[in-house]
Structures are given as C-alpha cells and as structure tokens.
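First residue of the sequence shown? That's 0 in numbering that gives the first Met the number 0, and the numbers climb one at a time after it.
From the three backbone atoms N, C-alpha and C, an ideal C-beta is built for every residue, glycine too.
Quick caveat, the model's predicted, so the values are computed rather than measured.
As structure tokens, the structure follows; a few thoughts come after it.
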Amino acid sequence: MPATAPADRPLTPAARRVLEVASELFYERGITSVGMELVAAEAGVTKKTVYDRFGSKDALIMAYLRARDERWRAFMDERLAAVRDPRERALASFDALGAWLAAGSGRGCSMVNACAELPDASHPVHGLAAEQKAWTRQLYARLVRDLPGDGGTGTLAEQLAIVHEGANVAYSVGGVRDAAALARATADAILPRAVRPKQEV
C-alpha cells in the first residue's frame with residue numbers, strides 16, 4: 000500500500016493543522032482507533048482536504064511519525080550540545096529522555112507503539128522505526144567515541160542504547176515513572192569513571 004504524500008511542497012496552514020491534530024490523536028488514542036473522519040472533524044476541515052494533502056491514512060501516519068522523530072532528535076541534540084564533559088554528556092542523554100517522557104502523557108515511544116499496532120513487518124512504519132533505533136545506536140556510538148583514552152567501545156555503545164530503549168518500555172508499559180533516572184544510574188555504573196590514556200607502544 001502506498002505510504003507517501005506530496006511532501007515536496009510546503010504544508011498549507013490547513014495541512015499543518017491536520018498533521019498537528021492527527022499527531023495528537025494517533026499518539027494519545029492509538030493509530031488503529033483513529034479514523035480519517037475524526038481527524039478531519041477535529042481539524043475543522045473536510046475529509047477531502049485530508050486526502051488531498053496526505054493521500055492516504057498510511058501517508059498521514061508516516062508524516063506524524065517523521066515529524067515526532069524530528070522533534071525528538073532536535074530535542075536530544077540541543078540538550079547534549081549544552082554539556083561539555085564527554086562522560087556527563089553521555090549521562091545527559093538519559094536526562095533528556097526523562098524530560099521528554101515527562102512532558103508526554105506516559106505512552107512512551109511512538110515508533111514502538113506504531114509497530115505494535117501495525118504488526119505486519121512489510122508496513123513502512125517498521126522501516127521508519129528501524130531507522131530511528133539505528134540513529135539511537137549511532138548516537139551512543141558517537142558519545143562513547145568522545146570518551147578519553149580507551150574507554151569508548153562499540154560494546155559500551157550498544158549497552159547504553161539497550162538501557163535507553165529499556166527505559167522507554169519500562170516507562171510506557173511498566174508504568175515506571177523514574178525509568179530514565181534508573182537508566183541513568185545504570186549508565187553511570189557502566190561508564191568508565193577515570194580513563195587512563197592509551198599507552199604508547
């Protein structure tokens with residue numbers, strides 16, 4: 000099924016409103032529980048307007064996920080840019096996660112939610128989710144590379160990425176509201192504290 004929209008032109012005010020409304024409804028109520036009629040009604044437009052701009056519900060779903068992912072990446076990048084110390088910057092990623100989760104409604108990762116609601120692996124949300132999770136792994140790879148000496152390893156990066164994802168799930172599914180703080184403590188325990196510079200051979 001096609002899941003693309005004519006995204007080569009700027010969103011009109013009406014289309015932006017549709018995307019904002021759809022994003023809130025999809026996240027809060029679930030993708031499969033929200034129809035295009037409801038999106039149109041809540042956005043104050045006709046259903047034809049929704050289809051004219053986005054083409055299909057799948058395309059609107061993808062636009063919602065991409066927009067939310069862009070905001071998340073920008074939020075994380077901004078928070079990390081303010082921290083100079085490499086070790087503290089790695090830990091700050093979990094502070095950023097905690098702040099992002101606390102600002103939401105407790106439903107956790109939109110990508111994970113979308114994959115759960117649309118379990119067919121051929122649906123494009125799965126590819127988009129895989130891209131986001133790859134970005135998370137690459138983020139931690141960069142963070143551990145910044146550690147001095149020989150403290151930053153690929154294994155450590157993978158461990159931090161898994162701790163990050165675990166906190167997301169614990170928060171949304173398990174109701175563990177301090178999941179990000181617990182994840183930070185876990186990261187603090189596995190990150191090297193005092194790294195000796197590599198010795199010259």
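Item                                                                                                                 : Value
Extent of the continuous alpha helix (DSSP H) to which L142 belongs                                                  : 123 to 144
Alpha-carbon to alpha-carbon, R86 and A120                                                                           : 37 Å
Enclosing alpha helix (DSSP H) for D94 [first to last residue]                                                       : 85 to 102
Limits of the unbroken alpha helix (DSSP H) element including A81                                                    : Note, A81: premise wrong, no alpha helix (DSSP H); not H, not E.
Contact under 8 Å by Cβ, L64 with M110                                                                               : yes
DSSP-derived helix/strand/coil call for A120                                                                         : coil
P12 - DSSP class collapsed to helix/strand/coil                                                                      : helix
For V44, three-class secondary structure by DSSP                                                                     : coil
Residues of its chain near Y26, where Cβ-Cβ distance is below 7 Å and the 5 sequence neighbours each way are ignored : R106, S109
Backbone CA spacing between A40 and A129 [nearest angstrom]                                                          : 32 Å
Own chain residues within Cβ distance below 6 Å of R83, not counting five before or after                            : none
Inter-stretch contact at 8 Å, needing at least 3 Cβ pairs: the region 43 to 51 / the region 64 to 81                 : no
Straight-line Cα distance separating I189 from W99                                                                   : 23 Å
Cβ-Cβ distance between A58 and V38 below 8 Å                                                                         : no
Nearest residue (CA-CA) to P12, options V49, E23, S32, L146                                                          : V49
Helix, strand or coil at V33 according to DSSP, with G and I counted as helix                                        : coil
Of the listed residues A102, G173, P118, A156, nearest to R202 (C-alpha basis)                                       : Any property of residue 202 remains undetermined from this structure, which presents the chain solely from 0 to 200.
First through last residue of the alpha helix (DSSP H) which encompasses L181                                        : 178 to 189
L155 versus A80: straight-line alpha-carbon distance, rounded                                                        : 21 Å
Closest Cα partner of A62 within the set E19, V33, E77, F74                                                          : E19
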